[in-house]
Amino acid sequence: MDHDGAVQRLTQYAAGGGCACKIPAGELEELLSGAGFATPDDPAADLLVGVETGDDAAVVRVGGGASVVSTADFFTPVVDDPYDWGRIAAANALSDVYAMGGRPIVALNLLCWPRDVLPYDLAREVLRGGAEITARAGCHLAGGHSVTGPEPKYGMAVTGLADPDRLLRNDSGRAGLPLSLTKPLGLGVLNNRHKVTGEVFPQAIATMTALNAKASAAALTAGVRCATDVTGFGLLGHAFKLARASGVTAVIDAAAVPVLEGAREAVRAGFVPGGSRRNLDWVMPQMHAAGIDDETMILLADAQTSGGLLIAGEIPGAPVIGELIPRGPHSVVVHG
1 MDHDGAVQRL TQYAAGGGCA CKIPAGELEE LLSGAGFATP DDPAADLLVG VETGDDAAVV
61 RVGGGASVVS TADFFTPVVD DPYDWGRIAA ANALSDVYAM GGRPIVALNL LCWPRDVLPY
121 DLAREVLRGG AEITARAGCH LAGGHSVTGP EPKYGMAVTG LADPDRLLRN DSGRAGLPLS
181 LTKPLGLGVL NNRHKVTGEV FPQAIATMTA LNAKASAAAL TAGVRCATDV TGFGLLGHAF
241 KLARASGVTA VIDAAAVPVL EGAREAVRAG FVPGGSRRNL DWVMPQMHAA GIDDETMILL
301 ADAQTSGGLL IAGEIPGAPV IGELIPRGPH SVVVHG
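Letter 211 of the sequence shown, counting from 1, is numbered 211 in the UniProt record's numbering, and no numbers are missing.
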């Protein structure tokens, strides 16, 4: 509440929302290409996964049959309820570890708060939501870092452990493998509708707060070696990155892709995040899609927040939405 007793809507204090506020994929790749990543003179561990393929987290081998998985993720409010935002941001940060086949063991809060305009009571609820998710994940939450700033932002730096010989990587796909998706699409457009109208979509909140732990474990049990999580670059963007890194083509059956209730209606009503359109523009030159309507293409490119895993393989409960084939003239092919 503000001093007049009006409800404060967190999403109104952010220019973007959730993973839709990521730096556009093409711009990010251009930025990183000139940044330079020097090899340490005396490395303390063997780097197994770095920045080369844009994978979900960094992985270093530390000996004794173990590797450390390290990641960080934070964003502006995607929903107005501070507790739900905290839960969503934490689940999203943990997802990067699960996407590598790891188990999160410790997390640190990352908080930016406009203390002159938003009360600390709201920030406390954000942190409480994050703590609830890490506790559910069996992951320690041990402090963090906070700063003041004009926009509220929250997320986590997460460290996990993984078997270096059983990692899930985005460059390990091979032709002949099916593609499965563990959560439905449409989070970006529903979150955008929430931001504009204040409507609450429980199905979106339930999806975003669901951990990818069981899906990750099921993938490892099934012998899967290639996966990535579907977040701000949309299904098409993350499928493109996986296909490019693996040297294959990803074929997606648009009719088989699950979509959240209300998402198509949100697209028709014009609630499309700018990030989703940028995703489609980025992938379009590398994609062949004939006979697919604009509504479906937007949903396939929709910027997800705390989305599911895209798995090169099959696991119980996850629909098969396509396959990997030998590399052709396009990295992604969409039919339906």
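The beta-carbon is built from N, C-alpha and C at its ideal position, and this holds for glycine as well. As the structure is a computational prediction, the values presented were derived from the model and not from experiment.
Apart from the 5 residues on each side of it in sequence, Pro150 sits with its Cβ closer than 8 Å to the Cβ of Pro114 in its chain, given in chain order. Under the three-state reduction of DSSP output, Phe74 falls in the strand class. When DSSP states are grouped into helix, strand and coil, Ala58 belongs to the strand group. Between the alpha carbons of Thr296 and Gly155 lies a gap of roughly 30 Å. In chain order, Gly313, Glu314, Ile315 place their CB closer than 8 Å to the CB of Ala222, counting only its own chain and leaving out the 5 sequence neighbours on each side.
Thr249 and Val283 have their alpha carbons spaced roughly 13 Å apart. Rounded to whole angstroms, the separation of the alpha carbons of Tyr98 and Leu220 is 10 Å. In this structure, the straight-line span from the alpha carbon of Ser246 to that of Gln286 is close to 15 Å.
When beta bridges are read from the DSSP output, Arg169 appears opposite Cys226. Just so you know, the alpha carbons of Leu242 and Asp116 end up roughly 43 Å apart. Where Tyr120 is concerned, the enclosing alpha helix (DSSP H) starts and stops at 120 to 136.
In the DSSP assignment, Arg268 falls within the alpha helix (DSSP H) that extends over 263 to 268. Straight-line measurement puts the Cα of Ile298 at about 8 Å from the Cα of Val267.
Of the residues assessed, Arg124 falls on the exposed side of the cut-off, its CB having fewer than 16 other CB atoms within 10 angstroms.
At a Cβ-Cβ threshold of 8 Å, Gly160 and Ile88 do not count as neighbours.
Setting aside the 5 residues that flank it on each side, Leu122 is surrounded in the same chain by Pro82, each with a C-beta closer than 6 Å to its C-beta; the list follows chain order. Selection Phe74, Leu168, Pro119 evaluated against Ala157 yields Phe74 as nearest (Cα-Cα). Around the beta-carbon of Gly291, fewer than 16 other beta-carbon atoms lie within 10 Å, marking it exposed. Separation of Ile133 and Ala210 (C-alpha to C-alpha, rounded to the nearest whole angstrom) is 9 Å. In the three-state DSSP reduction, Ala15 falls in the coil class, being neither helix nor strand. The Cβ atoms of Ala57 and Asp84 lie no closer than 8 Å to each other. The Cβ-Cβ distance between Ser306 and Met208 falls below 8 Å.
Separation of Asp293 and Gly328 (C-alpha to C-alpha, rounded to the nearest whole angstrom) is 23 Å.
Going by DSSP, Met156 is part of the beta strand (DSSP E) stretching over 153 to 162.
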